[in-house]
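One structure is given here, and the rest of the page talks about it.
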Amino acid sequence: MTIRTDVNGYFSFTGVPEGTYHLTVNRHNTIFVEQVLRVNGEDVHIDVDLEYATVMIQEVKIETNPFRSGPKEKSLSVQTIQREELDRYASESFVAALERQPGISMINTGVGIAKPVIRGMAFNRVMVNDRGIKQEGQQWGADHGLEIDPYDVERVEVVKGPAALLYGSDAMGGVINIRPPLVMPAGEIRGGVTSLYRSNNDLYAFSAFVEGSSSSWFYRVRLTTQDYGNYRVPANSFVYAGFLLPIYDQMLTNTAGKERHGSATVGYRFKKGVSSLTLSRFHQEVGLFPGAVGMPRAYNLQHRGEFRNIDLPNQENTHIKLISNTSFFVGSSRFEVDLGYQRNLRRELSSPHAHGMNPRPEGNLAMELDLHTITANAKLSRDFGLRWNATLGMQNQYMEHGYSGFEFLVPAYRSYISGIFGYVEHALRDDLYWNIGARIDGARHDIQAHFQPVYQFFQPTGEFTQRNPDIDRSFLNWSGATGLSWIYDNNWNAKLNLGSSFRIPTPVELSVNGVHHGNFRHELGNPDLLGERGLQADLNITWKNQVWFMAVTPFMSVYDRYIYLAPSGRFSDLPGSRPFWEYRQNAAQFVGVEFQVERQILSGLHVEASVEYVQNKNLDTGLPLPLTPPLGIFGAVEYERALGNRFISSWYVRSEIRYAADQNRVDRNELTTEGFTLINAGIGGVFKFGKQEVDLSLRGTNLTNALYFHHLSRYRLLNLPEQGRNISIMLKMPLARYR
Numbered sequence: 029m030t031i032r033t034d035v036n037g038y039f040s041f042t043g044v045p046e047g048t049y050h051l052t053v054n055r056h057n058t059i060f061v062e063q064v065l066r067v068n069g070e071d072v073h074i075d076v077d078l079e080y081a082t083v084m085i086q087e088v089k090i091e092t093n094p095f096r097s098g099p100k101e102k103s104l105s106v107q108t109i110q111r112e113e114l115d116r117y118a119s120e121s122f123v124a125a126l127e128r129q130p131g132i133s134m135i136n137t138g139v140g141i142a143k144p145v146i147r148g149m150a151f152n153r154v155m156v157n158d159r160g161i162k163q164e165g166q167q168w169g170a171d172h173g174l175e176i177d178p179y180d181v182e183r184v185e186v187v188k189g190p191a192a193l194l195y196g197s198d199a200m201g202g203v204i205n206i207r208p209p210l211v212m213p214a215g216e217i218r219g220g221v222t223s224l225y226r227s228n229n230d231l232y233a234f235s236a237f238v239e240g241s242s243s244s245w246f247y248r249v250r251l252t253t254q255d256y257g258n259y260r261v262p263a264n265s266f267v268y269a270g271f272l273l274p275i276y277d278q279m280l281t282n283t284a285g286k287e288r289h290g291s292a293t294v295g296y297r298f299k300k301g302v303s304s305l306t307l308s309r310f311h312q313e314v315g316l317f318p319g320a321v322g323m324p325r326a327y328n329l330q331h332r333g334e335f336r337n338i339d340l341p342n343q344e345n346t347h348i349k350l351i352s353n354t355s356f357f358v359g360s361s362r363f364e365v366d367l368g369y370q371r372n373l374r375r376e377l378s379s380p381h382a383h384g385m386n387p388r389p390e391g392n393l394a395m396e397l398d399l400h401t402i403t404a405n406a407k408l409s410r411d412f413g414l415r416w417n418a419t420l421g422m423q424n425q426y427m428e429h430g431y432s433g434f435e436f437l438v439p440a441y442r443s444y445i446s447g448i449f450g451y452v453e454h455a456l457r458d459d460l461y462w463n464i465g466a467r468i469d470g471a472r473h474d475i476q477a478h479f480q481p482v483y484q485f486f487q488p489t490g491e492f493t494q495r496n497p498d499i500d501r502s503f504l505n506w507s508g509a510t511g512l513s514w515i516y517d518n519n520w521n522a523k524l525n526l527g528s529s530f531r532i533p534t535p536v537e538l539s540v541n542g543v544h545h546g547n548f549r550h551e552l553g554n555p556d557l558l559g560e561r562g563l564q565a566d567l568n569i570t571w572k573n574q575v576w577f578m579a580v581t582p583f584m585s586v587y588d589r590y591i592y593l594a595p596s597g598r599f600s601d602l603p604g605s606r607p608f609w610e611y612r613q614n615a616a617q618f619v620g621v622e623f624q625v626e627r628q629i630l631s632g633l634h635v636e637a638s639v640e641y642v643q644n645k646n647l648d649t650g651l652p653l654p655l656t657p658p659l660g661i662f663g664a665v666e667y668e669r670a671l672g673n674r675f676i677s678s679w680y681v682r683s684e685i686r687y688a689a690d691q692n693r694v695d696r697n698e699l700t701t702e703g704f705t706l707i708n709a710g711i712g713g714v715f716k717f718g719k720q721e722v723d724l725s726l727r728g729t730n731l732t733n734a735l736y737f738h739h740l741s742r743y744r745l746l747n748l749p750e751q752g753r754n755i756s757i758m759l760k761m762p763l764a765r766y767r
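Heads up: take any position in the sequence shown, counting from 1, add 28, and you land on my numbering.
Right under this line is the structure:
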């Protein structure tokens with residue numbers, strides 16, 4: 029294929045194979061224009077007009093298409109979030125930045141650790157894909173955050189609902205796709221720096237990148253550093269196990285942390301494709317509130333030294349990834365090959381303590397979990413005429429897990445997972461699109477037994493206690509899905525998806541047996557778990573015109589043998605007296621709805637609101653499932669104006685209100701949580717200093733300093749409130765662009 033352009037702005041493409049193409053046209057500070065082209069051997073002429081961005085155009089840029097739920101022809105709803113939106117809300121983590129999207133919430137441990145929840149599902153039911161490779165970071169743990177540099181994300185695609193067909197069994201609840209940055213035009217070099225300060229925990233962050241491209245080669249490098257102290261709460265005390273305990277200086281001791289991240293990409297463009305190699309390293313050290321290990325006591329809640337110190341207990345997380353992405357055309361067929369290696373090293377450190385009659389261990393390494401993962405994915409897509417498209421793919425993954433430390437939680441194991449899938453799309457009419465697909469997944473988990481020596485009077489007896497047996501389990505099953513997208517006219521779009529999915533139990537669900545201090549409980553696996561089977565349906569109806577946008581998405585799903593971790597009401601006999609949480613399997617049901625409405629009242633004045641609700645039930649007991657987010661309502665008013673003068677390019681001001689209802693629908697032995705209302709606001713703009721532009725923003729969250737509890741927070745189990753008032757200042761400065 030050959031591309032030519034001239035001084036008048038005309039582009040010509042020659043040698044384009046027959047088929048259907050999505051053309052995206054974009055220029056800095058303009059709206060994305062997306063158009064479907066059908067090439068059948070004849071010349072095709074199109075005119076594209078680019079409009080400069082206003083506040084509503086900013087939203088269109090974020091969502092990348094008029095209906096904001098993915099290409100109109102696709103039945104799956106896909107929300108695309110650009111870097112500008114992630115920066116504007118200056119959230120505490122990458123996951124927190126996604127939380128304002130309806131249907132998305134988070135499980136957090138303090139401010140530095142968070143994981144995504146989609147429609148009430150989390151852990152191994154929400155897949156995070158980084159450049160085509162599934163992130164494997166011990167995601168089964170509620171206190172195990174997402175090991176992603178929040179500043180190294182340029183585009184995110186969120187798929188809500190059943191996506192297991194295309195992504196694998198761990199995508200039963202949804203997918204968060206982290207897309208690679210767009211490759212720069214040939215012959216350009218640019219860079220930029222971002223700095224951030226937050227008042228609540230005295231956070232300082234700095235991130236810098238540089239990227240460039242020649243006619244064939246391209247590269248990108250980013251480095252990030254972030255440090256923060258103990259975070260503040262609007263409370264002087266809390267109640268745990270009937271005891272009133274102090275919060276000194278309204279600051280939670282030992283909740284400081286630091287992060288050091290880096291990534292580098294090098295790639296090559298050849299005649300009919302592109303290939304790239306990305307190496308990244310994520311490193312995080314986070315203190316844990318003293319009550320996370322043992323019982324909280326007044327004496328160990330006092331601050332020890334400087335409030336930025338990371339004391340015991342704490343956790344260190346290091347995640348290394350090497351990812352290769354290659355895509356190329358052969359005729360009208362497109363091949364994609366993604367290869368990846370990951371190492372996730374998680375270390376939990378605490379003061380050594382004797383377990384019953386056992387001797388006191390040496391060192392502070394309570395637990396080390398070391399997970400190695402190799403991934404190989406391949407996909408072939410091809411158009412057949414103008415109305416048919418077919419995709420075939422395969423995904424393979426090998427995991428090897430080891431452990432050490434004086435605590436035991438998860439045994440050593442090896443896991444092999446493979447899947448193949450086929451997917452067909454057909455344009456029934458110009459306004460009606462249909463798809464259908466099927467998938468087969470197989471897995472084998474080889475889990476080693478773990479024996480602990482028995483001591484009496486601090487001396488070994490020569491006997492051993494078996495914490496878990498040898499487990500060798502294999503699984504094989506299928507998934508299927510079909511969907512319709514109906515484009516009634518330029519204002520209406522309806523999407524319907526029906527699916528039957530299968531999820532493979534993880535090695536952790538089969539074998540875990542130990543006190544998980546970060547979750548304040550003793551977790552117990554079940555080696556007899558069977559694979560999950562679910563039936564899902566969701567409907568997305570969107571209406572929009574020049575000033576209005578509305579979308580409603582009801583959804584429901586029913587599961588046979590749904591696997592979940594639930595409180596048992598019993599306490600562990602291990603030191604620390606933690607409650608038992610057991611992996612169980614029951615029939616379950618999820619129903620819910622998401623609603624969005626947006627209105628441009630005047631030029632530059634924009635109002636938006638959203639409602640999200642999910643309700644689930646254990647069909648065997650009639651009780652709700654644990655860790656379910658409450659009803660949420662979000663509203664915002666924003667005014668943005670482009671000035672374009674010598675000193676200010678544009679500015680905006682924004683106010684928000686977020687409401688969470690009481691969560692009284694809880695599982696047996698699970699805490700209820702009162703609702704809350706938060707008020708947030710922000711102001712910012714792009715300022716000019718000669719030829720240098722600077723993007724400066726000021727944002728405040730929880731401006732009323734409200735005392736509230738987050739139902740999905742792990743510190744909720746200790747009756748600890750969330751962060752108080754927090755003022756953030758972000759400065760972004762692009763460096764000069766060279767050709």
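Virtual Cβ for every residue (Gly too), placed ideally from N, Cα, C.
These figures come from a predicted structure and were not determined experimentally.
SER741 - DSSP class collapsed to helix/strand/coil | SER741 carries a coil assignment under DSSP once its states are collapsed to helix, strand and coil.
Three-way DSSP call (helix, strand, coil) for VAL83 in this model = Any reading at VAL83 must be qualified, since the residue scores a pLDDT of 36, below 50, and its modelled position is unreliable; no value is offered.
Could you spell out where the alpha helix (DSSP H) holding LEU210 opens and where it closes?
-> Taken as a continuous stretch (DSSP letters only), LEU210 belongs to no alpha helix (DSSP H), as it is neither H nor E.
For ILE135, which three-state DSSP category applies?
-> In the structure shown, ILE135 adopts extended strand secondary structure according to DSSP, grouped into three states.
If we ignore side chains and look at the alpha-carbon of each, how far apart do TYR667 and VAL154 end up?
-> Those two C-alpha atoms are separated by around 35 Å.
Option in SER596, TRP571, GLY562, GLN574 with minimal Cα separation from TYR587 = Measuring from the Cα of TYR587, the nearest candidate turns out to be GLY562.
When we look at the beta-carbon of GLN86 and count the other beta-carbons within 10 Å, is it buried (16 or more) or exposed?
-> Caution applies to GLN86, whose pLDDT of 32 falls short of 50 and renders its modelled position unreliable; the model cannot decide the point.
Helix, strand or coil at ALA125 according to DSSP, with G and I counted as helix = The three-state reading of DSSP puts ALA125 in helix, counting H, G and I together.
CA-to-CA distance, GLU185 to VAL83, given in whole angstroms | Interpretation of VAL83 is limited by its pLDDT of 36, a score under 50 that renders its predicted location unreliable; no figure is taken from the coordinates.
Pick helix, strand or coil for GLN278, following the three-state DSSP scheme.
-> The answer is helix: DSSP assigns GLN278 an H, G or I state.
ALA688 to ARG457, Cα distance in whole Å?
-> Roughly 43 Å separates the two Cα atoms.
Look up GLU622 in the DSSP assignment and say whether it is helix, strand or coil.
-> Of the three classes helix, strand and coil, the one that applies to GLU622 here is strand, per DSSP.
Could you tell me whether any non-hydrogen atom of the ligand FAD is closer than 7 Å to the CB of SER513?
-> You won't find the ligand FAD in this model; it holds no ligand whatsoever.
In the DSSP assignment, find the beta strand (DSSP E) that holds LEU552 and state where it starts and stops.
-> Segment 549-552, the beta strand (DSSP E) holding LEU552.
Cβ shell of ASN573 (< 8 Å), same chain only, five flanking positions each side left out | Within the same chain, ASN573 has close Cβ partners ASN519.
For TYR680, which beta-bridge partners are listed by DSSP?
-> Answer is GLU668, GLY712.
Kindly indicate which residue of ASP277, THR281, LEU280, SER308 has the alpha-carbon position closest to the one of GLY290.
-> Checked all of ASP277, THR281, LEU280, SER308; the closest Cα to GLY290 is SER308.
With a 10 Å radius around its C-beta and 16 neighbouring C-beta atoms as the bar for buried, classify HIS550 as buried or exposed.
-> Around the CB of HIS550, 16 or more other CB atoms lie within 10 Å, so the residue is classed as buried.
So does the stretch 525-532 actually touch the stretch 498-514, counting three or more Cβ pairs closer than 8 Å?
-> The stretch 525-532, when compared against the stretch 498-514, does touch it at the 8 Å Cβ threshold.
How big is the Cα-Cα spacing for VAL267 and ARG325?
-> Taking the straight line from one Cα to the other gives about 11 Å.
Can you give me the start and stop residues for the alpha helix (DSSP H) that SER725 sits inside?
-> From DSSP, SER725 is part of no alpha helix (DSSP H) but of the beta strand (DSSP E) over 720-729.
DSSP three-state assignment for GLY465, whether helix, strand or coil | Strand at GLY465.
Looking at ILE676 and ALA716, is the spacing between their C-beta atoms short of 8 Å?
-> Going by the sequence as given, residue 716 is Lys instead of Ala. The answer is yes: Cβ separation under 8 Å.
Using only alpha-carbon positions, find the residue among VAL44, ASP77, PRO45 that is nearest to ASN38.
-> Sequence check: residue 38 is Tyr here, not Asn. ASP77 is the residue among VAL44, ASP77, PRO45 whose C-alpha sits nearest the C-alpha of TYR38.
Can you say whether LEU655 is buried or exposed, counting buried as having 16 or more other CB atoms within 10 angstroms of its CB?
-> Buried: at least 16 other Cβ atoms inside 10 Å.
If LYS286 sits next to GLN254, beta carbons under 8 Å apart, how far is it from one beta carbon to the other, in whole angstroms?
-> Right, their Cβ atoms sit about 7 Å apart.
Would PRO535 count as contacting chain C if we go by Cβ distances under 8 Å?
-> Checking the listed chains, one finds no chain C in this structure; it contains a single protein chain.
Reducing DSSP to helix, strand and coil, say where SER243 ends up.
-> In the structure shown, SER243 sits in coil (DSSP, three-state: anything other than H, G, I, E or B).
Counting only runs of 3+ residues fully inside the stretch 484-536, write out the beta strand (DSSP E) ranges in chain order.
-> Listed in chain order, they are 487-496, 499-514, 520-531.
Own chain residues within Cβ distance below 7 Å of ASN337, not counting five before or after = Here the set comprises ALA284.
Give me the Cβ distance between ALA394 and LEU373, rounded to the nearest whole Å; I'm assuming they're in contact under 8 Å.
-> That pair is no contact at about 14 Å.
Boundaries (first-last residue) of the beta strand (DSSP E) holding ASP398 = ASP398 -> beta strand (DSSP E) spans 393-412.
With a threshold of 16 other CB atoms inside 10 Å of the CB of PRO488, please say whether the residue is buried or exposed.
-> Burial call: exposed.
Report the three-state DSSP secondary structure of GLY319 (helix, strand or coil).
-> Looking at GLY319 - three-state DSSP - the assignment turns out to be helix.
GLU112 - containing alpha helix (DSSP H), residue span = 111-116 is the span of the alpha helix (DSSP H), which, as asked, contains GLU112.
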